[in-house]
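Trainee: Below are the structure tokens for one structure; questions will follow.
Chains as they are written, first to last, in the working numbering: chain A, 8 to 309; chain B, 8 to 309.
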């Protein structure tokens, strides 16, 4: 987590810009050009979102520490979309950004290891070691227990990477399972305890482990509890902006050191040009302006 | 689920053949040929696993009702691997097989919808409707509650597809979270109740809903409980064979009608040629023999 924290300190900005490029978010002149070159098909769509992503990354790479591509918005364009995801990650890394790939993968044993090869470690092709995707970290789902997480943690340690485990998600129905009471607390508190255990022995120089967690900004009360339960765990906080969470709501995820959390905004940044007086050709300038506003808002509260 | 059940009845076989093509499972002559054509890289590896899959599918397509590609083993070869996954699904469908794509996806709202577009529904490219991947069903993880499942169920109804929700997984540590006691049963029983609810209104002509579940063969006691709790839910049963579950263990997942479950074997079928007197060129014959043995074993118990 040290790499991420250093970038947050350097840019004085605890924001991660979500890259969830639905085609309806992409300015029409970019779409037209992509369709002209590749056709009105999955390839054309993938080319459009990659172009859009590059413009966004260029606009904020000097003021934002991290990006979070959401895999679903690439998989929906098939293997062409997954190729655009590979390229997006590469481009973001080349601009010095820390990349959190939001894939929420989960499986057991050798299958979890295969996912970890894909995203954190490396794939062994009869002796040739290759990195298929190159993010710094991924999100994972811990419903399957330690068997599903340990292979990722192993690669985190070996290859200097991190994971974020879903603890309390930002959606309205997250409580259906996560808020249920066990004999000694809720299901999400139990998950928090597991997260503490999984991160043991991986604490970096700022006091945070390589096993972070996801805690929605839409649940500030739960965030306060969880901040105490997991003092050494870095929080990835979705739900800011479009989902209804504000700077104050997000603030409960920070520690007293002003660190401990990074807050995501996707639509708010990507679609900033759709609000106010922007021409769609100014999508990048609008995104940058939104990133600055978000930085100022979050820094008020941490 | 009717489509799957019809194929099970027609072939008198409740087996799903897992397609988890780790490179170490692939006969060396296939790998050599693929590397010669594409190089010893991600593309070469992807070509090898696709060729292997086609051979396997050809060997058992007339006796097995379904295949289950595990996405992790394709993602580990990057977008080239994902392309091999697309082709594998297409090939299996062209041979009349029901395809369960094991992706265990999970997210909320519009993101869950994007995953559902990718795998069950269709992607809208400015008016052109495209199906990126073409499985009949996917596995999903319900930790995020109804928001994460409803978008999939909607597409199941609209496009005649199914999902399988993780309830009790086959791995040793699955109990860490899933077995914990709530006020009125365990976490996995609560998930089972949610699954019942999500499937309501989608019951087909054989009495099963479009929302199936995953229950490991390695936990026969829990399977017995769950079979009673979810009478209208179809079970996808991993853990047979290599993971330690036998025919008797799997039998608890069937209903009295002899239906209600499909049992997965991956390594056992794919690597059948590594046991006994087979030459690696006979991998397909070995796989077929294993499929027949598994059919006979399962039919003894249901």
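In this text, a Cβ means the ideal position worked out from N, Cα and C, and glycines have one as well.
Using a Cβ-Cβ distance under 7 Å, would residue 56/B count as near chain A?
Mentor: no
Trainee: Whose CA, out of 230/A, 86/A and 237/A, lies closest to the CA of residue 252/A?
Mentor: 230/A
Trainee: Assuming residue 107/A and residue 171/A make a contact with CB atoms under 8 Å, what is their CB distance in whole Å?
Mentor: 7 Å
Trainee: Terminal residues of the continuous alpha helix (DSSP H) containing residue 51/A?
Mentor: 49-67
Trainee: Determine, using beta carbons only, whether residue 262/B comes closer than 7 Å to chain A.
Mentor: no
Trainee: Taking a Cβ distance cut-off of 8 Å, strictly less, list which residues of the segment 221-240 of chain A are near chain B, in chain order.
Mentor: none
Trainee: Which runs of the alpha helix (DSSP H) fall wholly inside the segment 234-262 of chain B and span at least 4 residues, in chain order?
Mentor: 254-258
Trainee: Please identify the residue among 34/B, 27/B and 69/B whose C-alpha is closest to the C-alpha of residue 296/B.
Mentor: 69/B
Trainee: Cβ of residue 60/B less than 7 Å from any chain A Cβ?
Mentor: no
Trainee: Where does residue 271/A sit, in a helix, a strand or coil, going by DSSP?
Mentor: strand
Trainee: If you count every other CB in all the chains shown that lies within 10 Å of the CB of residue 283/B, and 16 or more means buried, which is it?
Mentor: exposed
Trainee: Please go through the same chain and pick out, in chain order, the residues whose beta-carbon is closer than 6 Å to the beta-carbon of residue 99/A, but skip the five residues on each side of it.
Mentor: Closer than 6 Å at the Cβ level, and outside the excluded window around residue 99/A, lie 64, 74 and 106.
Trainee: So is residue 154/A in contact with chain B if we call contact Cβ pairs under 7 Å?
Mentor: yes
Trainee: Under 7 Å between beta-carbons, which chain A residues line up against residue 179/B? List them in chain order, please.
Mentor: 154
Trainee: Would you kindly check if the distance between the Cβ of residue 125/B and the Cβ of residue 139/B is under 7 Å?
Mentor: Yes, the Cβ-Cβ distance between residue 139/B and residue 125/B is below 7 Å.
Trainee: With a threshold of 7 Å between beta-carbons, can residue 107/A be considered close to chain B, or not?
Mentor: Not one chain B Cβ lies under 7 Å of residue 107/A.
Trainee: Answer yes or no: do residue 110/B and residue 78/B have a C-beta to C-beta separation smaller than 7 Å?
Mentor: yes
Trainee: Under 7 Å, do residue 218/B and residue 174/B count as touching if we go by C-beta distance?
Mentor: no
Trainee: Name the one or two DSSP bridge partners that residue 109/A has.
Mentor: 77/A
Trainee: Using a Cβ cut-off of 7 Å, pull out every chain A residue sitting near residue 116/B, in sequence order please.
Mentor: Going along chain A in sequence order, the residues near residue 116/B (Cβ under 7 Å) are 178.
Trainee: In whole angstroms, what separates the C-alpha of residue 236/B from that of residue 199/B?
Mentor: 7 Å
Trainee: For a contact meaning CB atoms closer than 7 Å, what does residue 89/B contact in chain A?
Mentor: 86 and 89
Trainee: Which residues, in order along the segment 66-83 of chain A, keep a beta-carbon less than 8 Å from a beta-carbon of chain B?
Mentor: 77, 79, 80, 82 and 83
Trainee: Can you check whether the CB of residue 22/B is closer than 7 Å to the CB of residue 89/B?
Mentor: no
Trainee: Under 9 Å between beta-carbons, which chain A residues line up against residue 130/B? List them in chain order, please.
Mentor: Result: 30, 49, 52, 83, 84, 85 and 88.
Trainee: Nearest-angstrom Cα distance between residue 288/A and residue 36/A?
Mentor: 8 Å
Trainee: DSSP has residue 190/B in a bridge; who is on the other side?
Mentor: Paired residue(s): none; residue 190/B is not in a bridge.
Trainee: According to DSSP, is residue 104/A part of a helix, a strand, or is it coil?
Mentor: coil
Trainee: Could you name the residues of chain A that residue 293/B contacts, counting a contact when the two beta carbons are closer than 9 Å?
Mentor: Those within 9 Å of residue 293/B in chain A number zero; the least Cβ separation is about 21 Å.
Trainee: Kindly list, in the order they appear in chain A, the residues whose Cβ is closer than 7 Å to that of residue 97/B.
Mentor: In chain order: nothing, as chain A lies at least about 11 Å away.
Trainee: Nearest to residue 279/B by alpha carbon, out of 67/B, 43/B and 46/B?
Mentor: 67/B
Trainee: Check for me: the alpha helix (DSSP H) holding residue 160/A runs from which residue to which?
Mentor: 153-166
Trainee: Quick one, are the C-beta atoms of residue 205/B and residue 269/B less than 7 Å apart?
Mentor: no
Trainee: For residue 279/A, would you say it is in contact with chain B, using Cβ-to-Cβ distances shorter than 7 Å as the test?
Mentor: no
Trainee: Does residue 140/A come out as helix, strand or coil in the three-state DSSP assignment?
Mentor: coil
Trainee: Under DSSP, the alpha helix (DSSP H) around residue 169/B begins and ends at which residues?
Mentor: Where residue 169/B is concerned, there is no enclosing alpha helix (DSSP H), although the beta strand (DSSP E) it sits in stretches over 169-175.
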